[in-house]
Every structure is written in structure tokens, then in C-alpha cells.
Amino acid sequence: MGCCCSGEAAYGVSLAGCDRVNGVYVQSGSYGGRAMFTHREHGLNLWYNDGEWRIGGTRDYYYVNKSDDDNPPITGWIIADSYCNSDATSPCPTVSRKLCTCC
Numbered sequence: 055m056g057c058c059c060s061g062e063a064a065y066g067v068s069l070a071g072c073d074r075v076n077g078v079y080v081q082s083g084s085y086g087g088r089a090m091f092t093h094r095e096h097g098l099n100l101w102y103n104d105g106e107w108r109i110g111g112t113r114d115y116y117y118v119n120k121s122d123d124d125n126p127p128i129t130g131w132i133i134a135d136s137y138c139n140s141d142a143t144s145p146c147p148t149v150s151r152k153l154c155t156c157c
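See the structure below:
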């Protein structure tokens with residue numbers, strides 16, 4: 055799933071039907087009052103906006119979660135119903151906090 059350096063906040067996305075979204079997302083700033091994370095290889099984002107968490111890019115969403123949690127939710131992801139990337143397929147992903155170590 056990749057790696058990140060110690061001290062970076064990160065999340066792992068796994069089990070998604072669209073393999074492109076799977077991997078490590080490292081904190082890259084903030085957006086919508088919450089931390090924003092960027093995929094280490096593909097540049098996709100994991101961020102909160104307009105009442106939901108999203109995985110994808112601007113107006114190019116793969117999966118969303120209607121949770122208002124401060125951190126990305128673990129379960130409850132669904133395929134985006136607006137601005138949906140055509141590669142988004144079931145199953146929907148699981149998100150987990152990642153412990154970072156340098157490679």
C-alpha cells in the first residue's frame with residue numbers, strides 16, 4: 055500500500071472496486087475545516103466538503119461518505135451519485151488510520 059514518513063498523518067484506503075483509489079493518503083493541508091489527504095501515487099484526494107467526505111478530485115468523485123466526522127470514516131462509503139467517475143465500482147472502500155514509517 056505504499057509508505058509515508060513518521061509524523062505525517064495518513065490513511066489507507068483498501069478493498070475498493072476501483073483499484074486506483076486504493077493506497078496511502080498523506081495529509082496535504084486542510085479543506086472544509088478538516089484535514090485533507092493526497093494519494094501518494096495518483097494524486098487523488100481524500101477530503102471533506104459540503105457535508106460529506108470524498109475520494110477523488112474536483113468534480114470527479116469515486117466514493118463519498120455522508121459522515122460529518124472530524125476524520126475520514128472507516129465504513130459507510132458509497133459510489134458517488136454526482137460528478138461520479140465512471141471507473142467507480144463496487145465494492146466500496148474501507149478507510150483506516152495508517153501508522154507511518156519511512157521506507
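Quick note on our numbering: the sequence shown kicks off at 55 and runs consecutively. Cβ coordinates follow ideal geometry from the N, Cα and C atoms, glycine included.
Residue i - DSSP class collapsed to helix/strand/coil
i, result
"Asp73", "helix"
"Ser68", "strand"
"Tyr123", "Checking the sequence, you will find Asp at residue 123 rather than Tyr. Reduced to three states, the DSSP call for Asp123 is coil."
"Ser84", "strand"
"Leu98", "coil"
Same chain, Cβ closer than 6 Å to residue i, five either side skipped, listed in chain order
i, result
"Tyr102", "Gly86, Arg88"
"Tyr109", "For clarity, residue 109 is Ile in the given sequence; the question names Tyr instead. Same-chain partners within the cutoff: Val75, Leu100, Tyr116, Tyr117."
"Ala70", "Asn76, Pro147"
Span of the beta strand (DSSP E) around residue i
i, result
"Ser150", "148-151"
"Trp107", "106-111"
Beta-carbon spacing of residue i, residue j below 8 Å
i, j, result
"Gly194", "Asp122", "Given a span of 55 to 157 for the chain in the structure shown, any question on residue 194 remains unanswerable."
"Val80", "Glu95", "no"
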